[in-house]
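For the sequence shown, my numbering assigns the number 159 to the initial residue and increments by one for each residue that follows. Beta carbons are placed, not taken as given, at the ideal position from N, Cα and C, and that holds for glycine. It should be emphasised that the depicted structure is a prediction, and the values quoted were computed from it without experimental measurement. For reference, the structure is listed below as structure tokens.
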Amino acid sequence: MKVCSLYGAGFYYIPGTDTCIKIGGFVRTEWNHNANGSFAPMLDGTNALYTRDGNTLLNRSRGVVTFDTRSQTEFGTLRSYLRAGWQWTSQDATVGGSSATVYLDRAFIQIAGFTFGKTQSFFDFFCTGCYSLQTNKLWVDTGGSGTPVFAYTAQLGNGVTATVSIEDYTEQRLPIVNTNTAAVGGAGQPATLAAALFPLGVTQTSFHHGYETPDVVGNIRVDQAWGSAQVMGALHLNQANYYNGANQTAHPDEKWGWAVGAGLTLKMPWNA
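Okay, structure coming up:
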């Protein structure tokens with residue numbers, strides 16, 4: 159295959175076309191002994207999991223592949239990118255089945271400044287999960303698992319960009335916070351409210367309203383030889399479908415919420 163130098167190292171021309179492709183990925187395997195899960199030590203207990211009926215030796219293997227294709231058009235570079243993986247843990251199904259693990263955390267197209275598809279949220283700055291081999295995502299409220307976006311990025315020169323993005327928040331949302339402990343689920347069933355990790359008197363429920371309104375995200379970012387910096391903001395419409403115990407017919411009001419953030423990465427001589 160002919161080397162394609164237009165887009166950096168690792169690209170090759172697809173034979174018979176002007177399209178360049180870069181293929182990457184990794185394979186990782188681990189063994190766990192005296193454990194009840196990946197990176198989960200065996201702890202004392204009384205149920206069967208901790209007796210002779212429990213499985214304390216397991217293997218986990220994972221393969222991830224990436225495909226980065228680019229070609230020139232009258233509107234600029236057309237890029238498509240895909241990152242997907244497969245994971246198998248002892249006793250999982252080898253082919254299909256409910257226990258088989260397949261995930262797709264990146265699948266997007268870019269052209270003329272637009273980005274369409276599943277990628278890191280433009281509100282995120284440093285995606286820890288994106289750099290981890292141990293997990294395909296960090297937490298559900300980060301962009302490690304990917305966020306569906308429809309975005310436009312303007313190139314302002316000297317490494318400075320500005321982006322406006324409409325994003326599907328369902329990959330990142332956390333439970334609705336509610337101060338009324340008598341909440342009832344949208345189907346009329348009592349909600350389980352847990353005060354853990356929330357301020358005194360504040361509880362949570364995961365009864366979200368149906369997805370109707372995307373988040374609006376914006377950022378200004380600079381990428382140069384010394385590192386990167388970003389300021390970002392987001393608007394989110396909070397919608398819940400629970401009802402309080404005294405009123406079974408009136409749902410909570412919808413409220414717009416907002417978030418702002420900033421990030422800085424410096425390239426030191428030893429990690430540049």
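Asked	Found
Mark isoleucine 179 as exposed unless 16 or more other C-beta atoms lie within 10 angstroms of its C-beta, in which case mark it buried.	buried
Using DSSP with H/G/I as helix, E/B as strand and the rest coil, what is threonine 273?	strand
Go to tyrosine 310, then tell me how far its beta strand (DSSP E) extends in each direction, as first and last residue.	305-315
When we look at the beta-carbon of arginine 220 and count the other beta-carbons within 10 Å, is it buried (16 or more) or exposed?	buried
Going by the C-beta, is aspartate 326 closer than 6 Å to any heavy atom of the ligand SAH?	As far as ligands go, the structure on display features none, and thus does not contain the ligand SAH.
To which residues of the same chain is arginine 379 closer than 6 Å at the C-beta, ignoring the five residues directly before and after it?	Thr319, Gln388
Taking all protein chains shown into account, do 16 or more other C-beta atoms lie within 10 angstroms of the C-beta of alanine 398, making it buried, or fewer, making it exposed?	buried
My assumption, with CB atoms under 8 Å, is that asparagine 377 sits in contact with phenylalanine 280. Please give the rounded CB distance.	5 Å
What three-state label does DSSP hand tyrosine 327 in the structure shown?	helix
Does the distance from the CB of glutamate 325 to the CB of aspartate 263 come in under 7 Å?	no
Closest to isoleucine 269 by C-alpha separation, out of Phe233, Val322, Gly415, would be which residue?	Phe233
Which residue's Cα is closest to the Cα of glutamine 249: Gly243, Arg241, Gln330, Thr259?	Thr259
For leucine 422, which residues from the same chain have a beta carbon less than 6 Å from its beta carbon, with the 5 sequence-adjacent residues on both sides left out?	Ala387
Which first and last residues belong to the beta strand (DSSP E) in which methionine 390 is found?	385-396
In the structure shown, what three-state DSSP assignment does alanine 244 receive?	The residue asked about is misnamed: residue 244 is tryptophan in this sequence, not alanine. Reduced to three states, the DSSP call for tryptophan 244 is strand.
Suppose the cutoff is 8 Å on Cβ atoms and the five residues either side in sequence are ignored; what does the same chain contact list for arginine 237 look like?	Asp226, Thr227, Arg228, Ile267, Gln268, Ile269
Mind checking which residues open and close the beta strand (DSSP E) that includes phenylalanine 184?	178-191
In the DSSP assignment, find the unbroken beta strand (DSSP E) run with aspartate 282 in it and report its ends.	Premise fails: aspartate 282 is in no beta strand (DSSP E) and is neither H nor E.
Which term fits glutamine 313, buried or exposed, when burial requires 16 or more other beta carbons within 10 angstroms of its beta carbon?	exposed
Straight-line CA distance for glutamine 278 to glycine 419?	16 Å
Starting from phenylalanine 225 and walking both ways along the beta strand (DSSP E), at which residues does that stretch end?	215-231
Could you please give me the residues that DSSP links to glutamine 268 through a beta bridge?	Arg237, Thr273
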